[in-house]
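All residue numbers for the sequence shown refer to our numbering, where the first residue is 6 and numbers rise by one. A short write-up of the structure that comes next.
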Amino acid sequence: MTQSSARDAELPLQQHESIVIRFAGDSGDGMQITGNQFTHTSAVIGNDLATFPDYPAEIRAPAGTRPGVSGFQVRFSSSDIHTPGDQPDVLVAMNPAALVVNIKDLKPGGIVVVNTGQFADSDLKKANLTKSPLTDGTLSGFRVIEIDINKRVTEALKGTPLSSKEVQRCKNFYTLGLMYWLYHRPLETTMKWLDQKFAKRPELAEANKLAMQAGYNAGDIHELFQGRYEVAPCTSMTPGTYRNIMGNDATAMGLVAGAQLAGLRLFLGSYPITPASGILEALASYKHFGVITFQAEDEIAAICSALGSAYAGCLGLTTTSGPGVALKTEAMGLAVSVELPLVIVNVQRGGPSTGLPTKTEQADLFQAIFGRNGEAPIPVIAASTPSDAFETAIEACRIAVQYMTPVILLTDGYIANGAEPWKLPKVEDLTPFPAKQLKQVPEGGFLPYARDAHLARPWAVPGTPGLEHRVGGLEKAHLTGNISYDPENHEFMVRMRHNKVMGIRDSIPTPNVFGDSTGDVLVLGWGSTRGAITSAIEELRKKGRKVSGLHLRHVWPLPKDLDKIMACFRSVLVPEMNMGQMARILRSEYPQQNIISYPKIQGQPFRTSELVKKIEGLLEK
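Quick look at the structure:
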């Protein structure tokens, strides 16, 4: 046993139920890679996980400035968790800007690891600082670990063939190794990843390994810490095979699974857009499942190609964000008119126009439900967590195929880039919903707008003898599909399309109430607010407070009996990352209910503490 390993064994190993770490640095410092690798390693150990990658609002902001700060927060636990945590236990700050932007969130008495090699006067100036936060009292009340990581990495990689610039790019793996040591994590998972990542440049793989090992060794060789911490594997998770999954990947897998369950080929027509591009990238790797991906020149071409594929007999798919939906609107109206299965994925981001491409928001709900000309009803569903995106994507496919309608699937930047453990489903447990495409002329002749029990019209693939028919955006005559300007027929078709969409309620379950079925406050959420809402309710119910929760996956049409559920509570609180759009819809649909809106529009998800404070205020009234 070496001297360092002997000391390592002697150090106290403190047990913790849950730990939150935030890595923060410049947008080029590799914080997202660092956070992801810590996440993957913790997943292999068996911890429950939740992550929040916080990309800089200005990707091309000058290096070292506050707008260019990139962060990655990971919470790992030995028990069930629902959020990446409100306050970090540890902040790893690679430069002054990262420190001053994030220090306000650190828990009192928390650990700050600071890279002093990036604290020259020029670095302070870039961060708009006149004094160093290392000496002006900013860090009082925290446990501060100062390390010249720049120097340590240079020493560790001395003799390697890398340039000075390439050497400094390994700084993030030094910090990763240090955190692995502090929280008793193995290096092997990341070692294997580096070998795969840099298979064509093994010298880079080796350099990052050396940097990581140096960071790991620094924990005891340099006696930076007085103890180490351990978070045991989570034993409350349902037995099965798990993998760590991000929301965009789960969405992609769910769409592939949905197409398979429908017995259809999946066609994606997409224009790359932040934060939805990851779905396009993921689906491009599933060609062995018959997936066709087409990267279009613009948003309109993307959705029109997807709609054309649905006309040709595929399950049509297009992925985008809010600004892209605005451009796709006319084609979405066409999809409503021709009544073909099309899934539109909107990974929501903050702000109108270009807005905040890398920040999360839930502000596209009105756009999804009402944002088209004429009466153009489209069902809307929303994923609540990264892993839930898989099941929600399958559900979007089911509705599109069974009801012959476009469907909007809402996620957001928080879900898309966040990660959590996902239990791999058994294929045999997934319920098929085979598409019904006409193969021959029905008895009595083919009528392209005749309807079944779901009010869905028949799906006739072009080229099938005897099933020739006309499609387009002009109003259709009932049954025949011929162009019609008859006012009574127009009203009939408008009401028929409306009734079809509202009839989807018959095939969706009434959501379950989390907690008691009656009480003082019901916290109603949709989309990515689920984690914070669940955590807040759990915390308050432990205190004996009469609060319950309910979460909506199907946001339009709203589920049956929702009014009866809400009527059992004195008030209904609706937290949203918008100006209160769902609250307005609920007030419109159920005016007799006491609906209270709780908006947040900061490009950041809700904190549990924010919701606890708001709910407690309502309970005291």
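Backbone N, C-alpha and C fix where the C-beta goes; we use that ideal spot for every residue, glycine too.
Alpha-carbon spacing of residue 50 relative to residue 311, whole angstroms: Within the sequence shown, numbered from 1, the residue matching residue 50 stands at position 45. Within the sequence shown, numbered from 1, the residue matching residue 311 stands at position 306. The alpha-carbon atoms of residue 50 and residue 311 are separated by roughly 41 angstroms.
Inter-residue spacing [alpha-carbon to alpha-carbon] between residue 274 and residue 289: As a first step, residue 274 must be located in the sequence shown, where it is residue number 269. As a first step, residue 289 must be located in the sequence shown, where it is residue number 284. Just so you know, the alpha carbons of residue 274 and residue 289 end up roughly 11 angstroms apart.
Whole-angstrom distance between residue 92 and residue 614, CA atom to CA atom: Translated into positions along the sequence shown, residue 614 becomes position 609. Translated into positions along the sequence shown, residue 92 becomes position 87. Taking the straight line joining both Cα atoms gives about 10 angstroms.
Residues near residue 248 by beta carbon distance below 8 angstroms, same chain, minus five either side: Reading the sequence shown from its first residue, position 243 is the one you call residue 248. Hits under 8 angstroms: 48, 426, 427 and 429.
Straight-line gap, residue 171 to residue 435 (C-alpha atoms, nearest Å): Counting from one through the sequence shown, the residue named residue 171 turns up at place 166. Counting from one through the sequence shown, the residue named residue 435 turns up at place 430. Cα to Cα, residue 171 sits roughly 47 angstroms from residue 435.
Continuous beta strand (DSSP E) assignments of at least 3 residues falling wholly in the segment 591-616: 600-604
Cα-Cα separation between residue 147 and residue 156, rounded to whole angstroms: In the sequence shown, counting from the first residue as 1, residue 147 sits at position 142. In the sequence shown, counting from the first residue as 1, residue 156 sits at position 151. So the two alpha carbons sit approximately 24 angstroms from each other.
Contact the segment 249-259 vs the segment 387-394: 3+ CB pairs below 8 angstroms: yes
Ordered list of beta strand (DSSP E) runs contained in the segment 250-300, each at least 3 residues: 271-275 and 297-300
N- and C-terminal bounds of the beta strand (DSSP E) containing residue 568: As a working mapping, residue 568 is identified with position 563 in the sequence shown. Here residue 568 belongs to no beta strand (DSSP E); instead the alpha helix (DSSP H) covers 567-571.
Residue 343, enclosing alpha helix (DSSP H) - first and last residue: By 1-based counting over the sequence shown, the position of residue 343 is 338. Segment 327-343, the alpha helix (DSSP H) holding residue 343.
Cβ pair count under 8 angstroms reaching 3, the segment 497-509 against the segment 548-557: no
DSSP bridge partner residues for residue 55 (one or two, in chain order): By one-based count along the sequence shown, residue 55 stands at place 50. Looking at the DSSP assignment, residue 55 forms a beta bridge with 80.
Reduced DSSP category for residue 197 - H, G, I as helix; E, B as strand; rest coil: For this step, residue 197 is matched to residue 192 along the sequence shown. Correct three-state label for residue 197: helix.
Collapsed DSSP secondary structure at residue 385 in the structure displayed: Within the sequence shown, numbered from 1, the residue matching residue 385 stands at position 380. Note: residue 385 maps to strand in three-state DSSP.
Contact under 8 angstroms by Cβ, residue 77 with residue 40: Position 72 of the sequence shown, counting from 1, holds the residue named residue 77. Position 35 of the sequence shown, counting from 1, holds the residue named residue 40. Their beta carbons are under 8 angstroms apart, which means residue 77 touches residue 40 by this criterion.
Residue interval of the beta strand (DSSP E) (run including residue 524): Numbered from its first residue, the sequence shown carries residue 524 at position 519. Per DSSP, residue 524 belongs to the beta strand (DSSP E) from 524-531.
Residue 606 and residue 578 closer than 8 angstroms at C-beta: Numbered from 1 along the sequence shown, position 601 holds the residue referred to as residue 606. Numbered from 1 along the sequence shown, position 573 holds the residue referred to as residue 578. Not a contact, by the Cβ cut-off of 8 angstroms.
Neighbour-count burial assignment, residue 56, 16 or more Cβ in a 10 Å radius: For the purposes of this step, residue 56 is taken as residue 51 along the sequence shown, with counting starting at 1. Its Cβ being crowded by 16 or more others within 10 Å, residue 56 is buried.
Identity of the residues DSSP links to residue 150 by a beta bridge: As a first step, residue 150 must be located in the sequence shown, where it is residue number 145. BP columns for residue 150 point to 118.
Selected residue, minimal CA-CA separation from residue 244, among 586, 431 and 263: Taking the sequence shown and counting its residues from 1, one reaches residue 244 at position 239. Measuring from the Cα of residue 244, the nearest candidate turns out to be 431.
Residue 230, DSSP secondary structure in three states: Counted from its first residue, the sequence shown places residue 230 at position 225. Residue 230 falls in the coil class under three-state DSSP.
Proximity below 8 angstroms, CB of residue 580 to CB of residue 533: In the sequence shown, residue 580 corresponds to position 575, counting from 1. In the sequence shown, residue 533 corresponds to position 528, counting from 1. Their beta carbons are not under 8 angstroms apart, which means residue 580 does not touch residue 533 by this criterion.
The segment 254-273 touching the segment 438-447, judged by at least three CB pairs closer than 8 angstroms: yes
Spatially closest choice to residue 307 from 294, 293 and 325, by CA coordinates: For this step, residue 307 is matched to residue 302 along the sequence shown. When each option's Cα is compared against that of residue 307, the closest is 325.
Which of helix, strand or coil DSSP assigns to residue 417: Along the sequence shown, read from residue 1 onward, the residue named residue 417 stands at position 412. Here residue 417 sits in strand by DSSP.
Helix, strand or coil at residue 324 [DSSP, three-state]: In the sequence shown, residue 324 corresponds to position 319, counting from 1. Correct three-state label for residue 324: strand.
Rounded straight-line distance, which links the Cα of residue 216 to that of residue 201: Here residue 201 refers to the residue found at position 196 of the sequence shown. Here residue 216 refers to the residue found at position 211 of the sequence shown. Cα to Cα, residue 201 sits roughly 17 angstroms from residue 216.
Simplified DSSP assignment, three categories, for residue 72: For the purposes of this step, residue 72 is taken as residue 67 along the sequence shown, with counting starting at 1. Three-state DSSP puts residue 72 in a helix.
Straight-line gap, residue 196 to residue 236 (C-alpha atoms, nearest Å): Stepping through the sequence shown from its first residue, residue 196 is reached at position 191. Stepping through the sequence shown from its first residue, residue 236 is reached at position 231. C-alpha separation (whole angstroms): 21 angstroms.
Neighbour-count burial assignment, residue 126, 16 or more Cβ in a 10 Å radius: For the purposes of this step, residue 126 is taken as the residue at position 121 of the sequence shown. Residue 126 comes out exposed.
Rounded Cβ spacing between residue 484 and residue 452 (contact assumed at less than 8 angstroms): By 1-based counting over the sequence shown, the position of residue 484 is 479. By 1-based counting over the sequence shown, the position of residue 452 is 447. About 5 angstroms; that satisfies the 8 angstroms criterion.
Buried versus exposed call for residue 517 [16 or more other C-beta atoms within 10 Å across all chains shown]: Position 512 of the sequence shown holds residue 517. Answer is exposed; the Cβ neighbour count stays below 16.
Range of the contiguous beta strand (DSSP E) that encloses residue 432: Taking the first residue of the sequence shown as position 1, residue 432 is located at position 427. That residue, residue 432, is in no beta strand (DSSP E); it is neither H nor E in DSSP.
Residue 593 versus residue 443: straight-line alpha-carbon distance, rounded: As a first step, residue 593 is located in the sequence shown; it is residue number 588 there, counting from the start. As a first step, residue 443 is located in the sequence shown; it is residue number 438 there, counting from the start. It is roughly 40 angstroms from the alpha-carbon of residue 593 to the alpha-carbon of residue 443.
Start-to-end residues for the alpha helix (DSSP H) that takes in residue 512: Locating residue 512 in the sequence shown gives position 507, counting from the first residue. It is not in any alpha helix (DSSP H) - residue 512 carries neither H nor E in the DSSP assignment.
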